[in-house]
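Enquirer: The following block contains the structure, expressed as structure tokens.
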Amino acid sequence: MDRTDRAIIAHLTGNGRLTNTELADRVGLSPSPCLRRVRQLESDGVITGYHASVAPEALGRGFRVLVHVEMSVQDKGTIEAFEETVAGFDEVVHCLRLFGQPDYVLWVAVPDLATYERFYLNRLTGLPGVARTNSQFTMKTVKSTPGLGLPTA
1 MDRTDRAIIA HLTGNGRLTN TELADRVGLS PSPCLRRVRQ LESDGVITGY
51 HASVAPEALG RGFRVLVHVE MSVQDKGTIE AFEETVAGFD EVVHCLRLFG
101 QPDYVLWVAV PDLATYERFY LNRLTGLPGV ARTNSQFTMK TVKSTPGLGL
151 PTA
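Taking the numbering used here, I'd label the letters of the sequence shown as residues 1 to 153.
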């Protein structure tokens with residue numbers, strides 16, 4: 001990846017709705033070579049998609065919780081079952097498996113504290129292998145960098 005590719009990525013990360021002509025002008029290319037580069041970045045898996053950034057509050061999911069999960073059982077079956085189940089929870093918007101403790105970090109987005117409590121008690125803590133959890137509530141988003149595969153809310 002060269003300087004032009006990085007400029008393309010920076011501009012598309014800031015505004016994924018740029019037309020190819022606008023993008024080409026901003027990075028100093030003509031439209032055809034610019035489009036070839038964008039398609040190559042997509043083909044190489046550098047650009048993985050284009051998404052609208054939506055205010056969670058507008059979707060009734062403005063209460064965000066960072067949840068640390070420690071597992072008591074580390075066998076393959078338990079891990080796979082946990083991950084498959086968590087991936088199916090609509091409330092979980094981001095899940096990372098970590099090296100060390102905690103074993104998982106989850107971002108949960110729900111309407112309010114009462115909804116989170118129901119999700120926590122009725123679904124999350126009952127999963128096989130879960131030993132401990134620690135919930136941290138988001139007070140304020142100070143910085144969120146779009147395009148890096150991290151939750152933006």
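Don't be surprised by glycine CBs; every beta carbon is placed ideally from N, CA and C.
Have a look at Gly16 and Tyr50 and give me their C-alpha separation to the nearest angstrom.
Expert: Here residue 16 corresponds to residue number 16 of the sequence shown, with the count starting at 1. Here residue 50 corresponds to residue number 50 of the sequence shown, with the count starting at 1. Rounded to whole angstroms, Gly16 to Tyr50 spans 6 angstroms at the Cα level.
Enquirer: From what residue to what residue does the beta strand (DSSP E) around Gln136 run?
Expert: The sequence position of residue 136 within the sequence shown is 136, counting from 1. That run of the beta strand (DSSP E) goes 130-137.
Enquirer: Can you tell me which residues form a DSSP beta bridge with Val105?
Expert: Numbered from 1 along the sequence shown, position 105 holds the residue referred to as residue 105. In the DSSP output, where bridge partners are listed per residue, Val105 has His68, Leu96.
Enquirer: Is the separation between the beta-carbon of Pro102 and that of Val69 shorter than 7 angstroms?
Expert: As a position in the sequence shown, residue 102 is number 102, starting the count at 1. As a position in the sequence shown, residue 69 is number 69, starting the count at 1. It is a contact, given that the beta carbons lie within the stated cut-off.
Enquirer: Using 8 angstroms as the Cβ pair cut-off and three pairs as the minimum, do the stretch 77-86 and the stretch 23-37 touch?
Expert: No, they do not touch.
Enquirer: If you draw a straight line from the alpha carbon of Val105 to that of Val67, how long is it in whole angstroms?
Expert: By one-based count along the sequence shown, residue 105 stands at place 105. By one-based count along the sequence shown, residue 67 stands at place 67. Looking at the two C-alpha atoms, the distance is approximately 6 angstroms.
Enquirer: Give me the residue from Glu91, Val46, Tyr120, Asn122 with the minimum Cα distance to Ala109.
Expert: Stepping through the sequence shown from its first residue, residue 109 is reached at position 109. That would be Glu91, whose Cα lies nearest to the Cα of Ala109.
Enquirer: Going by DSSP in three states, Ala153 sits in which element: helix, strand or coil?
Expert: Reading the sequence shown from its first residue, position 153 is the one you call residue 153. Because the pLDDT of Ala153 is 47, which lies under 50, any placement of that residue in the model is unreliable, and the number read from its coordinates should be weighed accordingly. Three-state DSSP puts Ala153 in coil, outside helix and strand.
Enquirer: Quick one: residues in its chain with C-beta nearer than 8 angstroms to the C-beta of Leu98, no 5 flanking neighbours on either side, listed in chain order?
Expert: Taking the first residue of the sequence shown as position 1, residue 98 is located at position 98. Contacts found: Tyr104, Val105.
Enquirer: Helix or strand or just coil, what does DSSP make of Val86?
Expert: Stepping through the sequence shown from its first residue, residue 86 is reached at position 86. Reduced to three states, the DSSP call for Val86 is helix.
Enquirer: Would you list the residues sitting across from Phe119 in a DSSP beta bridge?
Expert: Taking the sequence shown and counting its residues from 1, one reaches residue 119 at position 119. The partner list for Phe119 (beta bridge, DSSP) is empty, contrary to what the question assumes.
Enquirer: On the criterion of 16 or more Cβ atoms from any shown chain inside 10 Å, does Met71 qualify as buried, or is it exposed?
Expert: As a working note, residue 71 is residue 71 in the sequence shown. Met71 is buried by the Cβ-count criterion.
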